[in-house]
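Participant: Dropping the structure in here first, questions after.
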Ligand SMILES: [Zn+2]
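Numbering (this note's numbering), first residue to last: 71 to 398.
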């Protein structure tokens with residue numbers, strides 16, 4: 071993955087300026103507001119960001135819906151048609167949308183495609199231990215880090231629709247305040263988790279940024295991507311870890327099958343350690359559209375609350391604002 075720009079506020083703007091030149095050279099028609107700006111985001115976390123930033127000025131859709139795993143998703147013909155109908159496409163990048171990569175690349179020749187997470191300063195990203203030069207794409211798990219992505223999406227929308235600048239700036243500012251609030255809440259509810267219990271075991275490595283932000287060691291049965299299956303050796307390694315460390319609970323993920331986590335629970339039971347299922351976490355997709363859990367704030371509230379309640383933190387069952395369907 072190449073990062074052609076130095077990252078600072080000024081650099082994001084210069085990235086945007088370069089982008090305009092590229093879009094114009096590609097013959098992208100200028101956008102004038104006679105209807106909402108059509109935005110297609112690859113994953114629901116980004117669609118939510120666009121909705122929060124753009125309000126009624128944008129019409130946004132997420133290509134991947136509830137419970138869909140972006141690492142393994144292959145685009146259909148109707149997906150390509152949806153992408154082609156957008157005024158701008160917002161992707162995460164950092165190799166999250168692995169199988170969509172080719173389609174996005176060829177689309178990018180004629181249409182603005184904005185890889186939002188690739189505008190995060192490189193020194194704030196976590197490296198992928200298995201692929202030198204690649205980074206962990208699960209940046210939405212740390213709301214402070216996601217603020218950088220929100221700023222990058224805001225800048226891309228302003229470049230595409232300059233007349234909407236004031237709307238996008240105000241929307242982004244309000245949303246960034248909400249991200250700060252969920253970060254504060256998460257920090258507070260996890261503070262009482264004892265040092266020895268700060269181990270988060272999930273189906274795949276989606277929680278490294280969460281772990282870094284809130285002081286948890288993170289272990290996924292599968293790696294950063296779900297593209298390769300977990301081996302028996304990895305499951306055995308984790309059974310040893312949960313038994314040795316007396317881990318109380320492990321977690322399912324909404325976009326990954328349960329079987330590996332069940333194998334862990336059975337493996338621990340065979341060694342006389344009762345391992346609870348702490349609940350299901352949203353990892354790579356938001357919950358049901360139109361619900362609180364269908365927003366990133368709701369997703370992070372659900373995850374933080376569920377983890378806190380399972381591992382000895384102190385969180386209200388219905389979360390930060392009493393809006394969760396069910397707590398952990
Ligand atoms: Zn993932």
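Glycine included, each C-beta is placed from N, C-alpha and C at the ideal position.
Report yes if the C-beta of residue 198 is less than 7 Å from at least one heavy atom of ligand 1; otherwise report no.
Facilitator: No, Cβ of residue 198 sits at least 7 Å from all heavy atoms of ligand 1.
Participant: Alpha helix (DSSP H) containing residue 272: first to last residue?
Facilitator: No alpha helix (DSSP H) contains residue 272, which is instead part of the beta strand (DSSP E) from 269 to 274.
Participant: With H, G and I counted as helix, E and B as strand and the rest as coil, what does DSSP make of residue 378?
Facilitator: Note: residue 378 maps to helix in three-state DSSP.
Participant: Buried or exposed: where does residue 384 fall if 16 or more other Cβ atoms within 10 Å of its Cβ makes it buried?
Facilitator: With fewer than 16 Cβ atoms within 10 Å of its Cβ, residue 384 is classed as exposed.
Participant: Using only the alpha-carbon positions, how far apart do residue 23 and residue 236 sit?
Facilitator: This structure gives no information on residue 23, because the portion of the chain shown stretches from 71 to 398.
Participant: Could you say which of 243, 115, 396 lies nearest to residue 212 if we only look at CA atoms?
Facilitator: The candidate whose alpha carbon is nearest that of residue 212 is 115.
Participant: Since residue 154 is in the alpha helix (DSSP H), which residue starts that stretch and which ends it?
Facilitator: Residues 147 to 154.
Participant: What are the boundary residues of the beta strand (DSSP E) that residue 292 is part of?
Facilitator: 287 to 292 is the span of the beta strand (DSSP E), which, as asked, contains residue 292.
Participant: For residue 98, which three-state DSSP category applies?
Facilitator: Residue state, collapsed to three classes: coil.
Participant: Would you say the beta carbon of residue 276 comes nearer than 7 Å to a heavy atom of ligand 1?
Facilitator: Result yes, Cβ under 7 Å from ligand 1.
Participant: Can you give me the Cβ contacts of residue 333 inside the same chain, cut-off strictly under 7 Å, excluding the 5 residues immediately before and after it?
Facilitator: Correct list, in chain order: 305.
Participant: With a threshold of 16 other CB atoms inside 10 Å of the CB of residue 275, please say whether the residue is buried or exposed.
Facilitator: Residue 275 comes out buried.
Participant: Considering residue 138, what are the terminal residues of the alpha helix (DSSP H) in which it resides?
Facilitator: No alpha helix (DSSP H) contains residue 138, which DSSP labels as neither H nor E.
Participant: Determine the closest residue to residue 139 out of 367, 352, 396, with distance taken between C-alpha atoms.
Facilitator: Comparing Cα-Cα distances from residue 139 to each of 367, 352, 396, the minimum goes to 352.
Participant: Should residue 328 be listed as close to ligand 1, given that the test is whether its C-beta is under 7 Å from any heavy atom?
Facilitator: Every heavy atom of ligand 1 is 7 Å or more from the Cβ of residue 328, so no.
Participant: Hey, would you say the C-beta of residue 193 is under 7 Å away from at least one heavy atom of ligand 1?
Facilitator: Residue 193 Cβ: outside cutoff for every heavy atom of ligand 1.
Participant: Whole angstroms are fine: how far does the CA of residue 267 sit from the CA of residue 146?
Facilitator: Those two C-alpha atoms are separated by around 43 Å.
Participant: For the beta strand (DSSP E) that contains residue 167, what are its first and last residues?
Facilitator: No beta strand (DSSP E) holds residue 167; DSSP gives it neither H nor E.
Participant: Quick one: complete alpha helix (DSSP H) runs, 4+ long, within the stretch 290 to 331?
Facilitator: Counting whole runs of 4 or more residues, the stretch 290 to 331 contains the alpha helix (DSSP H) stretches 302 to 314.
Participant: Can you give me the Cβ contacts of residue 194 inside the same chain, cut-off strictly under 8 Å, excluding the 5 residues immediately before and after it?
Facilitator: Correct list, in chain order: 215, 218.
Participant: If distances are taken between C-alpha atoms only, which option among 354, 388, 175 comes closest to residue 278?
Facilitator: Measuring from the Cα of residue 278, the nearest candidate turns out to be 354.
Participant: Secondary structure at residue 196, three-state DSSP: helix, strand or coil?
Facilitator: Here residue 196 sits in coil by DSSP.
Participant: Where do the ends of the beta strand (DSSP E) carrying residue 348 lie?
Facilitator: It spans 346 to 351 - the beta strand (DSSP E) in which residue 348 sits, taken as one unbroken run.
Participant: Roughly how many angstroms lie between the CA atoms of residue 254 and residue 288, to the nearest whole one?
Facilitator: The straight-line gap from Cα to Cα measures roughly 20 Å.
Participant: Kindly provide the ranges of any alpha helix (DSSP H) runs that are 4 or more residues long and lie completely inside the stretch 205 to 268, ordered along the chain.
Facilitator: You should have 213 to 230, 235 to 260.
Participant: Any heavy atom of ligand 1 within a distance shorter than 7 Å of the CB on residue 25?
Facilitator: The structure shown does not extend to residue 25, since the chain spans only 71 to 398, so no value can be given for it.
Participant: If you measure between the beta carbons of residue 258 and residue 157, is that distance less than 8 Å?
Facilitator: No, these two residues do not count as a Cβ contact at 8 Å.
Participant: Can you tell me the Cα-Cα spacing of residue 329 and residue 320, whole angstroms?
Facilitator: In a straight line, the C-alpha of residue 329 is about 13 Å away from that of residue 320.
Participant: Who does residue 185 pair with in a DSSP beta bridge?
Facilitator: According to DSSP, which records beta bridges pairwise, residue 185 is partnered with 161.
Participant: Any idea if residue 80 is buried or exposed, counting beta-carbon neighbours within 10 angstroms, 16 or more meaning buried?
Facilitator: In this predicted model, residue 80 has a pLDDT of only 48, less than 50, meaning its place in the structure is not dependable enough to derive any value.
Participant: Residue 356 and residue 221: beta carbons closer than 8 Å?
Facilitator: It is not a contact, given that the beta carbons lie outside the stated cut-off.
Participant: Is it buried or exposed for residue 172, if we count other Cβ within 10 angstroms and need 16 for buried?
Facilitator: Under this definition residue 172 is an exposed residue.
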